[in-house]
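Student: Note that our numbering has the sequence shown beginning at 96, numbered continuously upward.
Think of the CB as a built atom: it goes at the ideal place given N, C-alpha and C, for glycine as much as any other residue.
Quantities reported herein were computed from a predicted structural model and do not represent experimental measurements.
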Amino acid sequence: MRLIRRVQELREALEPLRREGKSIGLVPTMGYLHEGHLSLIRRSMAECEATVVSIFVNPTQFGPNEDFDRYPRDLNRDLSLCESEGVDYVFAPDVSEMYHKDATTKVTVAKLTEGLCGRSRPGHFDGVTTVVCKLFNIVGADKAYFGQKDAQQAAVIRRMVRDLNIPVNVVEVPTVREPDGLAMSSRNSYLTPEQRQSALSLYRSLVMAREMIDQGERSAHKIRERMSDIIRSSEGADIDYIEIVDADTLDSLERLEGQVLIALAVRYGDTRLIDNTKVEVS
Ligand code: AMP
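1) Looking only at C-alpha atoms, which of MET307, GLU110, ARG327 sits nearest to LEU351?
2) For the ligand AMP, is there a heavy atom less than 7 Å away from the beta-carbon of PHE241?
3) Compute every distance between the C-beta of SER134 and the non-hydrogen atoms of the ligand AMP, then say whether any falls below 7 Å.
4) Within this structure, are the beta carbons of ILE326 and ILE318 separated by less than 8 Å?
5) Taking just the CA atoms, how far does GLU320 sit from ARG100?
6) When you measure from the CB of PRO123 to every non-hydrogen atom of the ligand AMP, does any distance come out below 7 Å?
7) Around the Cβ of ASN381, are there at least 16 other Cβ atoms within 10 angstroms (buried) or fewer (exposed)?
8) Just the Cα atoms here: how many angstroms apart are PHE231 and VAL263?
9) Taking all protein chains shown into account, decide if GLY213 is buried (16 or more other Cβ within 10 angstroms of its Cβ) or exposed.
10) Please classify THR224: does DSSP put it in a helix, a strand, or coil?
11) What first and last residue would you give for the beta strand (DSSP E) that runs through GLU375?
12) Classify ASN283 as helix, strand or coil using the three-state DSSP reduction.
13) Provide the residue span of the beta strand (DSSP E) that contains LYS238, from first to last.
14) When the Cα of SER179 is compared with those of GLU130, GLN248, GLY210, HIS195, which residue comes out closest?
15) Our contact map puts LEU98 next to GLY126 with C-beta atoms below 8 Å; I'd like the distance itself, whole angstroms only.
16) Pull the bridge partners of ALA278 from the DSSP assignment, please.
17) What does DSSP give as the partner residue(s) for VAL355 in the beta ladder?
18) From THR208 to LYS201, what distance separates their C-alpha atoms?
19) Please report the straight-line C-alpha distance between PRO167 and ASP343, rounded to a whole angstrom.
20) If we require 3 or more residues per run, which beta strand (DSSP E) segments fall completely within the region 102-165?
21) Below 6 Å CB to CB, which residues in the same chain sit around LEU176 once its five sequence neighbours on both sides are set aside?
22) Give the single residue among HIS132, LEU112, GLY364 whose Cα lies nearest to the Cα of GLU289.
23) Do you know how far the Cα of VAL148 is from the Cα of GLN292?
24) Leaving aside the five residues before and after ARG299 along the sequence, list all residues of the same chain whose C-beta is less than 8 Å from its C-beta, in chain order.
25) Taking 7 Å as the cut-off, is the C-beta of THR366 nearer than that to any heavy atom in the ligand AMP?
26) Relative to the C-alpha of ALA236, which residue among GLU110, LEU297, GLN103 is closest?
27) I need the DSSP call for VAL251, collapsed to helix, strand or coil.
28) With hydrogens ignored, establish whether the beta-carbon of VAL355 is closer than 7 Å to any heavy atom of the ligand AMP.
29) Using beta-carbon positions only, say whether ALA108 and TYR184 come within less than 8 Å of one another.
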């Protein structure tokens with residue numbers, strides 16, 4: 096495994112692979128890797144001849160009052176995890192390597208970024224699409240792997256790739272959960288034991304939503320109300336949103352139909368957690 100810190104060095108390393116027609120998989124991450132990240136990495140390793148994992152805590156996707164400074168980082172641990180998965184290249188650039196001091200260009204996906212997390216995190220998705228577009232240009236990957244955990248992010252990136260004709264296949268990988276159902280996240284490390292326990296209500300509310308749909312419920316309002324009851328009954332929950340939207344367009348739905356995304360964001364203290372489930376409703 097090779098650790099690469101420079102854009103040019105990565106390009107030069109990948110050039111021979113591309114010339115030989117080898118397939119390249121890219122797994123973009125902000126590091127502090129957990130099983131969720133590893134499932135993306137394993138999928139890339141299984142499907143591509145070379146795998147690049149990027150580790151970059153991207154400042155432009157954090158708001159001024161968000162957790163950029165305290166975001167958990169442990170590059171050495173991440174490197175040994177990547178090594179043991181058989182990753183070929185870890186790309187871990189400095190901020191100054193990724194952004195020119197006077198950079199003036201950004202990528203914006205309109206509309207899909209207005210709702211859900213976009214509402215309480217203005218500018219967040221511009222940061223995400225800009226850095227992911229840069230990574231696509233730097234790596235020239237055949238496939239790029241994203242988690243369903245960040246379902247809006249995956250939808251936004253699919254839209255960017257489609258609209259800008261970026262030659263990459265976006266693969267969405269199912270959410271990996273702790274045994275008790277909590278979606279794995281680097282931010283779970285912020286939770287106190289009590290908050291960690293309360294946060295189980297997020298998964299419980301999603302399971303309840305699926306059960307209601309199985310039993311024939313199609314009213315988004317009724318499902319959201321029930322989810323909200325479950326989450327509000329957990330200690331310390333501050334609901335940012337519970338939304339039921341079309342999984343591709345992210346348009347809000349009143350009646351459930353087609354591929355439906357049920358997504359939520361809830362704060363426990365300073366920690367904002369997101370989770371979701373997708374259901375095909377006939
Ligand atoms: P992050 O490091 O949080 O930016 O995440 C990097 C990638 O890993 C994103 O595509 C996430 O959606 C994905 N990811 C994070 N947590 C999980 C999880 N629990 N299950 C599956 N994918 C995940």
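Tutor: Checking against the coordinates, here is how it stands:
1) Restricting attention to MET307, GLU110, ARG327, the CA atom closest to the CA of LEU351 is found in MET307.
2) Under cutoff, so the answer is yes.
3) Look at SER134: its beta carbon is less than 7 Å from one of the heavy atoms in the ligand AMP.
4) In this structure, ILE318 does not lie closer than 8 Å to ILE326 by Cβ.
5) Looking at the two C-alpha atoms, the distance is approximately 48 Å.
6) Checking the Cβ of PRO123 against the ligand AMP gives yes.
7) As displayed, the chain neither begins before 96 nor continues past 377, which places residue 381 out of reach and without an answer.
8) Answer to the nearest angstrom: the Cα atoms are 8 Å apart.
9) Counting Cβ neighbours within 10 Å, GLY213 comes out buried, since at least 16 surround it.
10) THR224: helix per DSSP, three-state reduction.
11) Run containing GLU375: 366-376, per the beta strand (DSSP E) assignment.
12) Three-state result, ASN283: helix.
13) 238-242 is the span of the beta strand (DSSP E), which, as asked, contains LYS238.
14) Measuring from the Cα of SER179, the nearest candidate turns out to be GLU130.
15) LEU98 to GLY126, Cβ: 12 Å. No contact.
16) BP columns for ALA278 point to ARG272.
17) For VAL355, which the question treats as bridged, DSSP gives the partners ASP341, VAL374.
18) Whole-angstrom Cα-Cα distance: 14 Å.
19) So the alpha carbons of these two residues sit roughly 31 Å apart.
20) Entirely contained in the region 102-165, the beta strand (DSSP E) runs reaching 3 residues are, in chain order, 119-124, 145-150.
21) Closer than 6 Å at Cβ, skipping near neighbours: LEU128.
22) By alpha-carbon distance to GLU289, the top candidate from HIS132, LEU112, GLY364 is GLY364.
23) Using only the alpha carbons, I get a separation of about 32 Å.
24) For ARG299, where only same-chain residues beyond five positions count, the Cβ hits under 8 Å are GLY276, ILE325.
25) THR366: no, Cβ never under 7 Å from the ligand AMP.
26) Out of GLU110, LEU297, GLN103, the CA that lies nearest to the CA of ALA236 is found in GLU110.
27) Of the three classes helix, strand and coil, the one that applies to VAL251 here is helix, per DSSP.
28) No, the Cβ of VAL355 stays beyond 7 Å of every heavy atom of the ligand AMP.
29) With respect to the 8 Å criterion, ALA108 and TYR184 are classified as neighbours on the basis of their beta carbons.
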